[in-house]
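Trainee: 5 is the number of the first residue of the sequence shown in our numbering; add one for each residue after it.
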Amino acid sequence: MAELPTNLTTTPQAFPTCCLSISITLLTTLSTLLPTKPSLTLSIGSGTGLLEALLTHHYPSLQIEGVEVSSSINRYIPEQDMHVVTGTWDLLHERAPDATAWMFVYPRDPRLVERYIEMYGMGKVEVILWLGPRADWGDYVRCFAGGFGVERVVGIEGGLAGFEMLGVVRKREGV
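1. Excluding sequence positions up to five away, which residues of its chain have a Cβ less than 7 Å from the Cβ of Gly-91?
2. Spatial neighbours of Ile-77 within its chain, please: C-beta separation below 7 Å, excluding the five flanking residues on both sides.
3. Examine the Cβ distances between the stretch 14-34 and the stretch 106-115 and report whether three or more of them are shorter than 8 Å.
4. For Gly-159, I'd like the list of residues in its chain whose CB is within less than 6 Å of its CB, leaving aside the five on either flank, ordered along the chain.
5. Candidates Trp-134, Pro-82, Thr-13, Tyr-63: which alpha carbon is nearest Gly-49's?
6. Roughly how many whole angstroms lie between the Cα atoms of Ile-81 and Leu-58?
7. To which residues of the same chain is Ala-165 closer than 7 Å at the C-beta, ignoring the five residues directly before and after it?
8. Answer with buried or exposed for Ser-65, where buried requires no fewer than 16 other C-beta atoms within 10 angstroms of its C-beta.
9. Is Ser-35 helix, strand or coil when you go by DSSP?
10. For Asp-102, which residues from the same chain have a beta carbon less than 8 Å from its beta carbon, with the 5 sequence-adjacent residues on both sides left out?
11. Look up Met-169 in the DSSP assignment and say whether it is helix, strand or coil.
12. Cα separation between Ser-35 and Arg-99?
13. Please state whether DSSP places Ile-132 in a helix, a strand or coil.
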C-alpha cells in the first residue's frame with residue numbers, strides 16, 4: 005500500500021491520485037455522516053482509495069470497503085476491503101445489500117447511481133453521500149426521487165473546494 009499524505013490542512017488540497025479535493029475538515033464532515041462499525045460503508049468507484057484510506061486512518065471506527073472496475077487502480081485500500089467488478093454496470097451483489105451507507109465520489113454516470121438504488125435501495129442502506137462537482141449535481145439529484153430525499157447540500161463549510169459539493173441523501177421513513 006502507498007503511504008498516506010500527512011500534510012492535510014483545513015484548506016482543500018488536490019492530490020494527483022484523487023479527483024476530490026481533500027481537507028481535514030472534509031474528513032471530519034464525512035466521519036459525522038458515516039455509520040461506525042459494525043455498520044459498513046461501501047465506496048462505489050473508489051479509484052485509488054485515497055479518500056477512503058484517509059477516513060479509516062483518522063477515524064478507525066469507520067468500516068469502508070471500496071468497489072472499482074480494476075484492481076490495479078487501488079493504491080490505498082487493503083486488499084481484503086477492496087472489491088473488483090467486471091465493468092461499470094456490474095453491481096457488487098454480495099456487499100451492496102449489507103451496506104448502511106454508500107459513497108459515490110465523482111461518479112461518471114447517473115445511471116450507475118440509479119441502478120444501485122433500483123437493485124439495493126430497499127436493503128440496509130440509510131444514507132448515500134454524493135461527492136463531486138457542483139455543476140454535475142443537477143444530473144444526479146433526480147436519482148434520489150424515489151425512496152430517498154436530499155437532506156442537505158454541503159460545500160466549502162464542509163471542507164470542499166468551491167466548485168465541489170457533498171449531497172447528503174437519506175432513505176425516507178417507511179421505505
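All C-beta atoms in this analysis are idealised placements derived from N, C-alpha and C, irrespective of residue type, glycine included.
Mentor: This is what the structure holds:
1. The residue given as residue 91 occupies position 87 in the sequence shown. Closer than 7 Å at the Cβ level, and outside the excluded window around Gly-91, lie Val-73.
2. As a position in the sequence shown, residue 77 is number 73, starting the count at 1. Within the same chain, Ile-77 has close Cβ partners Gly-51, Thr-52.
3. yes
4. Mapped onto the sequence shown, residue 159 falls at position 155. So the list reads Met-169, once near-sequence residues are dropped.
5. Position 45 of the sequence shown, counted from the first residue, corresponds to residue 49. The shortest Cα separation from Gly-49 among Trp-134, Pro-82, Thr-13, Tyr-63 belongs to Trp-134.
6. As a first step, residue 81 must be located in the sequence shown, where it is residue number 77. As a first step, residue 58 must be located in the sequence shown, where it is residue number 54. Their Cα atoms are separated by approximately 10 Å.
7. Sequence index remark: in the sequence shown, residue 165 carries index 161 (1-based). Answer for Ala-165: Pro-16, Ser-25, listed in chain order.
8. Residue numbering aside, residue 65 sits at position 61 when the sequence shown is read from its first letter. Exposed, because fewer than 16 other Cβ atoms sit within 10 Å of the Cβ of Ser-65.
9. Position 31 of the sequence shown holds residue 35. The three-state secondary structure of Ser-35, taken from DSSP, is helix.
10. For the purposes of this step, residue 102 is taken as residue 98 along the sequence shown, with counting starting at 1. If we look at Asp-102 and ignore the five residues flanking it on each side, its Cβ neighbours are Leu-44, Gly-127, Lys-128.
11. Counted from its first residue, the sequence shown places residue 169 at position 165. In this structure, Met-169 counts as strand in the three-state DSSP scheme.
12. For the purposes of this step, residue 35 is taken as residue 31 along the sequence shown, with counting starting at 1. For the purposes of this step, residue 99 is taken as residue 95 along the sequence shown, with counting starting at 1. The alpha-carbon atoms of Ser-35 and Arg-99 are separated by roughly 21 Å.
13. The sequence position of residue 132 within the sequence shown is 128, counting from 1. In this structure, Ile-132 counts as strand in the three-state DSSP scheme.
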